[in-house]
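A.B. asks:
Protein chains: 2
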Amino acid sequence: MKRIKLVVSYDGTNYYGWQKQPNAVTVEEVLNRELSRLLGEAVEVIGASRTDSGVHALGNVAVFDTDTRIPPEKISYALNARLPKDIVIQDSKEVPPDFHPRRTDCAKTYEYRILNTRFPVPTMRLYAHYVYKPMDVEQMQRAAAFLVGEHDFASFCSSGSQVKETVRTIYRLDLKREGDLVFFQVEGNGFLYNMVRIIAGTLIEVGIGSYPPEKVKEMLEAKNRITCGPKAPACGLTLVGIRYPVLEQPMS
Amino acid sequence: MKRIKLVVSYDGTNYYGWQKQPNAVTVEEVLNRELSRLLGEAVEVIGASRTDSGVHALGNVAVFDTDTRIPPEKISYALNARLPKDIVIQDSKEVPPDFHPRRTDCAKTYEYRILNTRFPVPTMRLYAHYVYKPMDVEQMQRAAAFLVGEHDFASFCSSGSQVKETVRTIYRLDLKREGDLVFFQVEGNGFLYNMVRIIAGTLIEVGIGSYPPEKVKEMLEAKNRITCGPKAPACGLTLVGIRYPVLEQPMS
Numbered sequence: 001m002k003r004i005k006l007v008v009s010y011d012g013t014n015y016y017g018w019q020k021q022p023n024a025v026t027v028e029e030v031l032n033r034e035l036s037r038l039l040g041e042a043v044e045v046i047g048a049s050r051t052d053s054g055v056h057a058l059g060n061v062a063v064f065d066t067d068t069r070i071p072p073e074k075i076s077y078a079l080n081a082r083l084p085k086d087i088v089i090q091d092s093k094e095v096p097p098d099f100h101p102r103r104t105d106c107a108k109t110y111e112y113r114i115l116n117t118r119f120p121v122p123t124m125r126l127y128a129h130y131v132y133k134p135m136d137v138e139q140m141q142r143a144a145a146f147l148v149g150e151h152d153f154a155s156f157c158s159s160g161s162q163v164k165e166t167v168r169t170i171y172r173l174d175l176k177r178e179g180d181l182v183f184f185q186v187e188g189n190g191f192l193y194n195m196v197r198i199i200a201g202t203l204i205e206v207g208i209g210s211y212p213p214e215k216v217k218e219m220l221e222a223k224n225r226i227t228c229g230p231k232a233p234a235c236g237l238t239l240v241g242i243r244y245p246v247l248e249q250p251m252s
Numbered sequence: 253m254k255r256i257k258l259v260v261s262y263d264g265t266n267y268y269g270w271q272k273q274p275n276a277v278t279v280e281e282v283l284n285r286e287l288s289r290l291l292g293e294a295v296e297v298i299g300a301s302r303t304d305s306g307v308h309a310l311g312n313v314a315v316f317d318t319d320t321r322i323p324p325e326k327i328s329y330a331l332n333a334r335l336p337k338d339i340v341i342q343d344s345k346e347v348p349p350d351f352h353p354r355r356t357d358c359a360k361t362y363e364y365r366i367l368n369t370r371f372p373v374p375t376m377r378l379y380a381h382y383v384y385k386p387m388d389v390e391q392m393q394r395a396a397a398f399l400v401g402e403h404d405f406a407s408f409c410s411s412g413s414q415v416k417e418t419v420r421t422i423y424r425l426d427l428k429r430e431g432d433l434v435f436f437q438v439e440g441n442g443f444l445y446n447m448v449r450i451i452a453g454t455l456i457e458v459g460i461g462s463y464p465p466e467k468v469k470e471m472l473e474a475k476n477r478i479t480c481g482p483k484a485p486a487c488g489l490t491l492v493g494i495r496y497p498v499l500e501q502p503m504s
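Structure below.
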């Protein structure tokens with residue numbers, strides 16, 4: 001029995017998120033079905049991030065156990081031949097049998113994209129959130145700086161989350177404009193439910209001048225969701241990748 | 253009676269190209285229908301570029317005549333409220349009544365995007381052509397240089413075209429790599445049927461080493477379609493915009 005780690009990319013547009021659920025097609029369900037068919041075993045993957053409906057991924061992570069003789073590196077090719085075109089395995093390899101993608105220290109990177117133009121651009125409508133009010137990127141950068149470091153992000157967590165510990169560390173949050181696109185990448189050791197989308201919604205409010213950058217410091221200190229900006233739409237969000245330091249050391 | 257010029261952007265994925273035809277939904281047909289409903293007149297637009305099925309546009313151009321009292325600049329907003337999300341008017345303004353978008357000197361800019369990675373990226377599958385063989389961008393740039401200037405592009409025109417005059421001028425063809433994306437913008441005074449997609453297909457062949465850059469010079473001289481590379485897929489192509497020098501002088 002081997003444990004295999006997959007790096008999974010998908011266009012979230014046509015899925016009700018990652019996690020299996022009744023009466024809706026999810027990424028996890030499609031992976032389980034096609035892996036089971038490919039390997040002739042009942043496979044259930046364990047995912048690293050249970051992304052929401054409409055959220056995209058370049059590098060989500062999933063593991064599963066198998067007795068297959070297909071070499072681990074070849075599973076990506078074999079599985080891609082069966083998957084729909086909006087889910088693509090970027091990498092497959094063997095990992096230690098006790099590796100668990102949610103219970104292992106990691107650094108996750110998300111990207112949020114905002115199209116800031118007079119009118120929306122049709123080819124970007126599913127991959128960037130459209131904001132027509134002009135945004136001041138320098139003000140957004142000032143606001144973003146308050147979020148970097150270890151903080152209690154209780155204000156940046158959707159109600160309904162059952163997480164008790166709300167302290168997280170953001171290693172970096174780089175926001176910039178390239179042409180009509182304003183986007184940021186945020187890397188951290190974990191994110192609360194909807195945290196990146198609430199950060200995005202809050203930074204947009206700062207960008208359009210609803211409140212000054214310093215307000216973000218107050219929001220953090222308040223530790224109360226109602227102080228923050230709205231949750232920005234799912235389409236602008238992409239899980240870029242997940243790094244596991246433990247896997248970067250050679251396997252013994 | 254006024255003549256109105258529209259700058260039209262669209263995601264070509266779900267359309268059988270620009271031009272009206274039986275039993276297939278086209279961009280022109282949707283524009284005619286929604287303009288006619290908006291203005292209460294039978295409107296038929298004249299388009300600048302009859303883009304193929306699956307080709308995208310940031311700035312195609314169309315004109316139509318109307319008696320409406322809606323101010324020309326407001327037509328974009330009113331029309332966008334009715335159009336599907338994959339067609340968006342970027343600008344509307346009055347132009348001289350004799351302005352014809354296909355019979356007026358212009359400079360058109362197209363972009364072709366190639367995703368050059370080990371595996372495809374789901375969120376780009378509809379907006380870039382995927383090539384897994386590693387491409388040598390410097391060789392592609394050398395090949396592209398042969399195409400710039402005034403040439404007889406007969407070799408770069410799909411058979412079935414009824415155009416007799418095949419001399420065109422390419423003002424610039426800038427090709428570069430940004431991360432996994434290789435793309436070029438090409439600006440010219442006009443393009444033959446499928447010309448940009450045949451250029452893309454030919455440059456890809458050079459990039460993967462099928463033939464040396466100098467072969468492109470021979471292809472031009474041969475003036476025969478069968479000498480060139482294959483036509484690259486529609487999804488990678490976007491009509492970026494069309495400039496009309498005559499409209500850039502103030503209207504009297």
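So the sequences go chain by chain: A and B.
Residue numbers are given in our numbering: position 141 of the first sequence equals residue 141, and the series is strictly consecutive.
Just add 252 to wherever you are in the second sequence, counting from 1, and you've got our numbering.
Where a beta carbon is used, it is the ideal one built from N, C-alpha and C, also for glycine.
1) Tell me whether Asp98(A) is buried or exposed, calling it buried when 16 or more other Cβ atoms sit within 10 Å of its Cβ.
2) Name the chain A residues whose beta carbon is nearer than 9 Å to that of Val377(B)?
3) So, are the CB atoms of Thr238(A) and Ala107(A) less than 9 Å apart?
4) Where does Asp11(A) land, buried or exposed, given buried means 16+ other C-beta within 10 angstroms?
5) Check whether the region 417-435 of chain B and the region 384-397 of chain B touch, using three or more Cβ-Cβ pairs below 8 Å as the test.
6) Bridge partners of Val347(B), per DSSP?
7) Hey, out of Asp65(A), His129(A) and Ala145(A), whose CA is closest to His100(A)'s CA?
8) What residues from the region 358-374 of chain B come within 9 Å of chain A, judged by C-beta to C-beta, listed N to C?
9) Use the C-beta contact count for Arg172(A): other C-beta atoms within 10 angstroms, 16 or more gives buried, fewer gives exposed.
10) Going by C-alpha distance, which of Val61(A), Lys5(A) and Leu35(A) is nearest Trp18(A)?
11) CB Gly311(B) to CB Val260(B), shorter than 9 Å?
12) If you run the structure through DSSP and keep just helix, strand and coil, what is Ala57(A)?
13) Quick check on this structure: which residue in Gln393(B), Val340(B), Val282(B) and Glu293(B) has the alpha carbon closest to the alpha carbon of Asp319(B)?
14) Rank Leu247(A), Ile242(A) and Ile75(A) by C-alpha distance to the C-alpha of Thr109(A) and give the top, closest one.
15) Alpha carbon to alpha carbon, how far is Val95(A) from Arg3(A)? Give it in angstroms, no decimals.
16) What does a CB cutoff of less than 8 Å around Cys409(B) pick up in its chain, not counting 5 residues either side in sequence?
17) Give every residue of the same chain whose Cβ lies closer than 8 Å to the Cβ of Tyr16(A), excluding the five residues on either side of it in the sequence, and list them in chain order.
18) Between the beta-carbon of Leu399(B) and the beta-carbon of Cys487(B), is there less than 9 Å?
19) Measuring only between beta-carbons, confirm whether Leu310(B) sits less than 9 Å from chain A.
20) Can you give the Cα-Cα distance for Lys20(A) and Leu83(A), rounded to whole angstroms?
21) Which term fits Gly453(B), buried or exposed, when burial requires 16 or more other beta carbons within 10 angstroms of its beta carbon?
22) Select from Arg168(A), Glu221(A), Gln141(A) and Val131(A) the residue whose C-alpha is nearest the C-alpha of Asp174(A).
23) Does DSSP classify Lys428(B) as helix, strand or coil?
24) Less than 9 Å between the beta carbons of Ile89(A) and Phe405(B), yes or no?
25) By the criterion of Cβ-Cβ separation under 7 Å, what are the contact partners of Asn332(B) in chain A?
26) Step through the CB atoms of chain A and report whether any lies within less than 9 Å of the CB of Thr278(B).
27) Who are the Cβ neighbours of Thr13(A) in its own chain at under 6 Å, not counting the five residues just before and after it?
28) If you measure between the beta carbons of Met219(A) and Ser159(A), is that distance less than 9 Å?
29) Go ahead and pull the three-state DSSP assignment for Ile327(B).
30) For Glu457(B) versus Pro482(B), is the C-beta spacing smaller than 9 Å?
31) From the DSSP output, in three-state form, read off Gln437(B) for me.
32) Where does Leu499(B) sit, in a helix, a strand or coil, going by DSSP?
33) Are the C-beta atoms of Thr238(A) and some chain B residue less than 9 Å apart?
34) For Met124(A), is the classification buried or exposed, using 16 other Cβ atoms within 10 angstroms of its Cβ as the cut-off for buried?
35) Please check if any C-beta of chain B sits within less than 9 Å of the C-beta of Ser210(A).
36) Going along the chain, which residues of its own chain have a beta-carbon closer than 6 Å to the beta-carbon of Ser462(B), five neighbours each way excluded?
C.D. replies: Reading from the atomic positions:
1) It counts as exposed.
2) A small correction: the amino acid at residue 377(B) is Arg; Val does not occupy that position in the sequence shown. The answer, in chain order, is Asp11, Lys85, Asp86 and Val88.
3) No; because the gap between Cβ atoms is not below 9 Å, this pair is not in contact.
4) Counting the other Cβ atoms within 10 Å of the Cβ of Asp11(A) gives 16 or more, which makes it buried.
5) In short, these stretches touch, since the Cβ pair count reaches three.
6) Answer is Arg255(B).
7) His100(A) has its Cα closest to that of Asp65(A), out of Asp65(A), His129(A) and Ala145(A).
8) If the cut-off is 9 Å between Cβ atoms, the region 358-374 of chain B has Thr369, Arg370, Phe371, Pro372, Val373 and Pro374 near chain A.
9) Result: exposed.
10) The alpha carbon of Trp18(A) has as its nearest neighbour, out of Val61(A), Lys5(A) and Leu35(A), the alpha carbon of Val61(A).
11) A Cβ-Cβ contact shorter than 9 Å links Gly311(B) with Val260(B).
12) Here Ala57(A) sits in strand by DSSP.
13) Checking every option, the nearest Cα to that of Asp319(B) belongs to Glu293(B).
14) Residue nearest to Thr109(A) within the set Leu247(A), Ile242(A) and Ile75(A) is Ile242(A) (criterion: CA-CA distance).
15) Between Arg3(A) and Val95(A), the C-alpha separation is close to 6 Å.
16) Val415, Thr418, Leu444, Tyr445, Asn446, Met447, Ile450 and Arg477.
17) So the list reads Ala24, Val25, Thr26 and Ser53, once near-sequence residues are dropped.
18) No. Outside cutoff.
19) Judged by the 9 Å Cβ criterion, Leu310(B) is in contact with chain A.
20) Going from the Cα of Lys20(A) to the Cα of Leu83(A) covers about 17 Å.
21) Under this definition Gly453(B) is a buried residue.
22) Considering only Arg168(A), Glu221(A), Gln141(A) and Val131(A), the residue with the shortest C-alpha distance to Asp174(A) is Gln141(A).
23) Lys428(B) falls in the strand class under three-state DSSP.
24) No.
25) Neighbours of Asn332(B) on chain A, chain order: Phe119.
26) For Thr278(B), the answer is no, since every Cβ of chain A falls outside 9 Å of its Cβ.
27) Around Thr13(A): Leu126.
28) Going by C-beta atoms, Met219(A) is not nearer than 9 Å to Ser159(A).
29) The three-state reading of DSSP puts Ile327(B) in helix, counting H, G and I together.
30) It is a contact, given that the beta carbons lie within the stated cut-off.
31) Three-state DSSP puts Gln437(B) in a strand.
32) Note: Leu499(B) maps to helix in three-state DSSP.
33) Thr238(A) counts as touching chain B.
34) Buried, since its Cβ has 16 or more Cβ neighbours within 10 Å.
35) The beta carbon of Ser210(A) sits no closer than 9 Å to any beta carbon of chain B.
36) Here the set comprises nothing.
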